[in-house]
Every structure is written in structure tokens, then in C-alpha cells.
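Residues in the sequence shown are numbered from 11 upward in steps of one, following this note's numbering. Every residue, glycine too, gets a C-beta built ideally from N, C-alpha and C. Structure, as C-alpha cells:
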Amino acid sequence: MEIKTMKRIGVLTSGGDAPGMNAAIRAAVRAGFFYNLEMYGIYRGYEGMIQDEIKKLESKNIAHVLERGGTFLKSARSAEFRTAEGRNKAYENLKKHGIDGLVVIGGDGSLTGAHLFYQEYGIPSIGIPGTIDNDLAGTDHTIGFDTACNTAIEAIDKIRNTATSHDRLFFVEVMGRDAGFIAINAGIGSAAAATLIPEKKMPIERLVERLKARTKAMKTSNIVIVAEGGKSGGATEIAQKIKKQLPYYDIKVTILGHLQRGGAPSSSDRVLASKLGVAAVEGLINGKYDVMAGIINNKIVFTPIAKAIIGSKEVDEDDFRIAKILST
Ligand code: F6P
């Protein structure tokens with residue numbers, strides 16, 4: 011494969027935002043400047059690529075963004091980019107600005123877009139895993155996951171206070187449409203009575219038994235964590251089912267929702283994002299195309315995007331086992 015000389019690199023964030031995306035943009039842009047490249051911000055993800063919202067970035071654009079949540083480049087989920095016409099418009103705009111390579115920061119949908127675009131137009135692209143869901147293979151953690159877990163656990167600690175005061179059973183719904191990583195971590199980190207994740211079905215009867223056993227063991231509060239994409243339903247649905255079987259329980263539901271996507275990135279997310287931002291630009295310079303930069307066992311690795319999205323990670327069986335041991 012021919013290594014193209016890079017002069018101008020475009021950076022974009024796409025899909026659900028994640029704390030640490032700004033740190034990744036900043037690192038990629040800083041690295042680009044270090045290697046004497048011109049760096050372009052593509053605003054609002056692929057949607058902005060189609061609408062030509064592409065601007066040259068200067069040092070001042072990335073000052074004081076490392077510590078801020080969200081993404082200053084903004085993000086979008088572009089329906090038009092899923093069409094061949096949309097991708098063609100996007101390609102024409104990149105050509106107009108003379109952009110030689112792309113750094114795409116996002117989750118599986120965003121990286122799928124980059125992969126398709128590379129296949130169709132040969133624009134060298136490199137992905138950076140940015141999603142609170144942690145559901146990409148080729149990296150131990152995705153950017154934003156650690157912060158989202160911290161946010162969830164902090165919120166659950168507060169719920170624990172009021173749950174204990176009133177002897178209540180709380181169902182707390184955390185994000186994760188298809189992945190239970192936030193749920194299982196929050197469950198272990200906040201001493202949950204049970205954790206329900208999309209990857210595993212837990213029969214309601216088993217949950218009822220667990221709650222009854224905990225009542226017998228004189229547990230003063232019960233918090234059940236439910237991932238939003240749980241196989242047995244969301245927190246509200248499960249709470250209703252449990253209420254039918256345990257009518258004497260005082261049950262409340264809290265949905266943490268988008269709270270988990272905001273906030274200043276944790277130190278882990280800042281460092282991860284900074285390392286991956288530099289790795290992505292160096293990767294492009296060295297001819298690593300259509301890959302995702304990740305960190306496994308503290309080492310930068312480049313995984314073909316096709317592998318990172320298809321072989322999406324599963325919650326470790328051991329984590330599930332540990333959560334169960336700790337909840338009995
Ligand atoms: O992919 C990240 C994520 O936060 C998921 O956990 C959640 O299901 C989804 O995005 C929510 O997306 P939106 O903000 O578009 O509703």
C-alpha cells in the first residue's frame with residue numbers, strides 16, 4: 011500500500027459525545043502542528059462534512075479544551091452520510107479543502123462510516139474510540155467510559171443515602187443500549203444488589219429470590235442497576251414486574267440518562283485521549299489507514315476498523331461472576 015504524504019488532516023467527532031473527546035481533538039491537532047501539518051476541524055461530524063462546515067484550526071482553537079466535557083467540534087448522527095449521495099458530497103468537500111487524511115473520533119457507527127468512506131474514496135482515515143459505552147474491540151477502554159462510570163457511581167452513592175433512610179428498593183438505569191460495561195462497573199463499584207445487562211438475560215424470578223434473600227439478611231437498602239438495553243426491559247419495566255411480585259417493597263426508579271455523557275473528563279480519560287490523539291496523527295503519517303488506534307495493556311495498538319467494530323467486546327464473564335458474589 012502506498013503511503014501518501016500528509017499535508018492537511020481533518021478531525022471530527024461523531025455519534026454520542028463522550029468526556030475526553032476534546033482532549034483527543036487537542037492532542038491530534040497539537041501532534042499535527044508538531045509535524046508541520048495543517049489541521050482542519052470538521053464541525054458536526056459527517057453532517058458538517060456534507061454541509062462543508064470545515065475550518066482551519068489554529069493553536070488558539072484548542073486552548074483550554076482538554077479539561078472540558080463535550081466536544082467543541084460538536085457531534086451529530088448523520089442520516090445523509092449513510093447514503094451514497096451524502097458520502098459523495100462529503101468527498102467533494104474534502105477535495106475542495108485539500109484534506110489528505112481524517113481522524114475520526116467516535117463509537118462503532120462513526121468508525122463504520124470512516125471504514126466505508128475509505129473503501130469508497132480511499133481517503134486515509136484513522137479512528138479513535140470515543141464512546142462512554144466501551145463497546146469497541148482493539149482497546150481496553152474507550153474514551154469517556156471511565157468518566158461515565160465515575161459519574162454513575164457518584165450518583166448511585168447519593169441514591170444509596172436516601173434509599174437507606176427510607177428502606178427503599180431503587181432501580182437505577184444507566185446508559186448502554188447494547189453493552190453492559192457501565193452497568194457492570196457501576197454495579198461492582200456501588201455494591202448493587204443485582205446488575206442487569208443487555209448481554210445476559212436474568213429471569214425476574216431469580217431477581218425476586220435475590221431480593222428476598224437480601225431482606226432476610228437484613229440489608230437496609232437495595233439498589234438494582236439496569237443497563238438501558240437490558241434483555242428483560244428498562245428500569246421502569248422491571249420495577250413494575252417486581253412490584254407485582256413484591257408488593258410490600260417501597261420501590262423507586264431513577265434514570266441517570268445523559269448526565270453520564272457530561273462532565274470534565276477523569277484523569278484516565280484525559281491521558282487515554284491524549285495518547286490516542288498523538289498516535290492517530292503519527293499513524294496517518296506512517297501509512298496506517300482504515301485502522302483504529304487503541305491501548306491494550308498500556309501499549310498503543312492499531313486494529314483494522316472492520317475488526318474493532320465487528321468483534322465488539324463482551325462484558326467479561328469474570329466481572330459478572332464477581333458482581334454476583336458481591337451482591338449476595
Ligand atoms: O453510544 C453512547 C450512548 O450514550 C448510548 O449509551 C445511548 O444508548 C445513546 O448514546 C444515546 O444516544 P442519544 O444521545 O442520541 O439519545
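Coil, strand or helix - residue i by DSSP
i, result
"leucine 112", "strand"
"phenylalanine 82", "coil"
"serine 200", "coil"
"arginine 178", "coil"
"tyrosine 50", "strand"
"valine 21", "strand"
"alanine 147", "coil"
"leucine 206", "strand"
"alanine 89", "coil"
"valine 218", "helix"
"glycine 304", "strand"
"valine 75", "coil"
"aspartate 153", "The identity of residue 153 in the sequence shown is isoleucine, whereas the question assumes aspartate. It is a strand residue."
"alanine 237", "strand"
"glutamate 183", "strand"
"glycine 190", "coil"
"lysine 211", "coil"
"lysine 14", "coil"
"glutamate 292", "helix"
"lysine 323", "coil"
"glycine 26", "coil"
"isoleucine 142", "coil"
Start-to-end residues for the alpha helix (DSSP H) that takes in residue i
i, result
"alanine 33", "31-44"
"methionine 59", "55-60"
"asparagine 98", "94-106"
"proline 123", "The sequence given here has glycine at residue 123, not proline. Element bounds for glycine 123: 118-131."
"leucine 336", "327-337"
Beta-carbon proximity check, residue i vs residue j, cutoff 8 angstroms
i, j, result
"alanine 124", "proline 275", "no"
"arginine 87", "glycine 25", "yes"
"glycine 140", "glycine 119", "no"
"tyrosine 53", "alanine 100", "no"
"threonine 157", "glycine 273", "yes"
"proline 134", "tyrosine 299", "yes"
"glutamate 247", "methionine 185", "no"
"valine 182", "isoleucine 233", "yes"
"alanine 333", "isoleucine 142", "no"
"isoleucine 35", "glycine 287", "yes"
"glycine 111", "isoleucine 60", "no"
"valine 39", "leucine 76", "no"
"serine 85", "alanine 173", "no"
"glycine 117", "arginine 280", "no"
"isoleucine 335", "threonine 122", "no"
Residue i - containing beta strand (DSSP E), residue span
i, result
"threonine 313", "309-314"
"asparagine 229", "Contrary to the premise, residue 229 reads as lysine rather than asparagine in this sequence. No beta strand (DSSP E) contains lysine 229, which DSSP labels as neither H nor E."
"isoleucine 64", "64-66"
"serine 135", "135-139"
"glycine 297", "Note, glycine 297: premise wrong, no beta strand (DSSP E); not H, not E."
Ligand 2 heavy atom lying under 7 angstroms from the CB of residue i
i, result
"glutamate 209", "As far as ligands go, the structure on display features ligand 1 and does not contain ligand 2."
(message) Taking 8 angstroms as the cut-off, does the region 209-229 touch the region 157-170 (at least 3 CB pairs, one atom from each stretch)?
(response) Output reads no: the region 209-229 does not touch the region 157-170.
(message) For a minimum of 4 consecutive residues, which ranges assigned as the alpha helix (DSSP H) are wholly contained in the region 240-279?
(response) Uninterrupted alpha helix (DSSP H) stretches at least 4 residues long and entirely within the region 240-279 occur at 245-255, given in chain order.
(message) Using a Cβ distance threshold of 8 angstroms, determine whether the region 142-151 contacts the region 308-323, with at least three qualifying pairs required.
(response) yes
(message) Under 8 angstroms, with one C-beta from each stretch per pair, do the region 42-61 and the region 324-332 reach the 3-pair mark?
(response) no
(request) Specify whether the region 155-163 and the region 241-254 touch according to this definition: at least 3 beta carbon pairs, one from each stretch, less than 8 angstroms apart. (result) no
(request) Assess, as a yes-or-no matter, whether the region 237-247 is touched by the region 114-134 under the definition of 3 or more beta carbon pairs within less than 8 angstroms. (result) no
(message) Count Cβ pairs between the region 266-274 and the region 213-229 that sit closer than 8 angstroms; are there 3 or more?
(response) no
(request) Determine, using beta-carbon pairs with one atom in the region 285-296 and one in the region 173-184, whether at least three such pairs fall under 8 angstroms. (result) no
(message) Tell me whether the region 11-21 and the region 97-109 touch, counting them as touching only if at least three CB pairs, one residue from each stretch, are closer than 8 angstroms.
(response) yes
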